[in-house]
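In this text, residue positions in the sequence shown follow our numbering: the first is 2, and each later residue adds one.
Worksheet: the structure to be examined is printed underneath.
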Amino acid sequence: MPDSPRRRRLRASTAPLASLALLLPVLGAGCGGSSGPATLTVLATSSMKEVFGEMGTAYRHAHPGVRLKFEFGAVPEMADRLAGQDRGDVLVTADMASMKEADDYLVGRRRVVAHDSLTIAVGPGNPYRIRGLPDLARPRLRVVVGAETVPVGRYTGQVFTKAGLTVRSSSKAISARAVLDRVRAGEADAGLVFLTDLRSAGIAVSSVPIPANLNVTAAFAAATVRETDHQEEADAFVAWLTTAPAQAVFHKHGFALPPASR
2 MPDSPRRRRL RASTAPLASL ALLLPVLGAG CGGSSGPATL TVLATSSMKE
52 VFGEMGTAYR HAHPGVRLKF EFGAVPEMAD RLAGQDRGDV LVTADMASMK
102 EADDYLVGRR RVVAHDSLTI AVGPGNPYRI RGLPDLARPR LRVVVGAETV
152 PVGRYTGQVF TKAGLTVRSS SKAISARAVL DRVRAGEADA GLVFLTDLRS
202 AGIAVSSVPI PANLNVTAAF AAATVRETDH QEEADAFVAW LTTAPAQAVF
252 HKHGFALPPA SR
């Protein structure tokens, strides 16, 4: 049949529609439905860095539909993050007071997932011959402590109160890891840190134990962040942290188990 002008106009008008029909399945494959595992952003205290490195692998094996992205920091850094637009999905802190301060940004149950206690971090070989808490009151000793507004600082204050000590600190830090870093770098002669933090330093620091009757029980807690896009998955992860597999990882890294998990 001859190729009339009318037929040529009809082919020209339908060509874009045909191209669109070929393109739609490709677009649908990229936009429709789930594109892969859900990713949970976990805002956690820096004291959890090593244990959560292993915890993430264990959780992925048990829950292949969820990926965990850990972001570690001190309380002020996590507070800034919660107050912003990208709040993350789960919060893990080193004390319940920090959980209470973040209450407006949290939902659901706050679960204590692990316990810890404090020790005195000193330079390798304990060059200043510190034997116990009373030695921290020496006039020329450089003692770094956590700020009063962060968990390790609050715990340190409780220990000094129990011991009846007044310690003049040479500096204050925003986290237990920051205290440890200053001792390790030689910027301080001693500082109070979590026992598990000390393990992470290896031979770079030594320690002096604090008697049990003067020590504290540090409670590490987890909760779901309000308005997360993955509340079901976040709630499940927070609950999983209290299960036997997770508690075994905590124990391996030196944390004590909460009574309900023993």
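Note that CB positions come from ideal geometry on N, CA and C, so glycine has one too.
What you are looking at is a predicted structure, and each value in this text was computed from that prediction instead of being measured.
Contacts around residue i, its chain only, beta-carbon distance under 7 angstroms, and the 5 residues preceding and following it disregarded
i	result
R82	L44, R88 and G89
G158	E149
S118	L196, N216, V217, T218 and A219
G133	V209
T229	D90 and A235
Spatial neighbours of residue i in its chain, beta-carbon cut-off 6 angstroms, leaving aside the 5 residues before and after
i	result
G192	A122, V145, V180 and V184
A39	V67, H231 and E234
V194	A122, A177, V180 and L181
A237	none
R200	G255
V76	S99 and V151
L142	D190
Y129	D190
Residues that residue i bridges to, as DSSP identifies them
i	result
F256	Answer by DSSP bridge pairing: none, since F256 is not bridged.
H116	A220 and A257
G133	G133 is not bridged to any residue.
S208	A122
A45	F73 and V93
T225	V91 and V108
V68	According to the sequence as given, residue 68 is Arg; it is not Val. Bridge partners of R68: T40.
L193	I121
G147	A174
CB-CB length for residue i against residue j, believed under 8 angstroms
i	j	result
A95	A219	6 angstroms
A189	S171	6 angstroms
R112	A223	5 angstroms
T197	S48	6 angstroms
L107	T225	7 angstroms
V151	I175	6 angstroms
T120	A138	Not confirmed; about 17 angstroms, so no contact.
K173	G147	7 angstroms
A63	P260	24 angstroms between Cβ atoms; not a contact.
Own chain residues within Cβ distance below 8 angstroms of residue i, not counting five before or after
i	result
L258	A115, H116, Q248, F251 and H252
G126	S207
G165	none
E72	T42, V43, L44, A45, R82 and G89
R110	A224 and V239
Practice task
Go through the segment 149–176 residue by residue and report every complete run of the alpha helix (DSSP H) that reaches 4 residues or more, in order.
Solution key: 152–164
Problem - Stretch pair the segment 95–107 + the segment 55–67: three plus CB contacts closer than 8 angstroms - result: no
Handout entry: contact_flag[the segment 151–171, the segment 206–217] where n(CB pairs < 8 angstroms) is 3 or more
Key = yes
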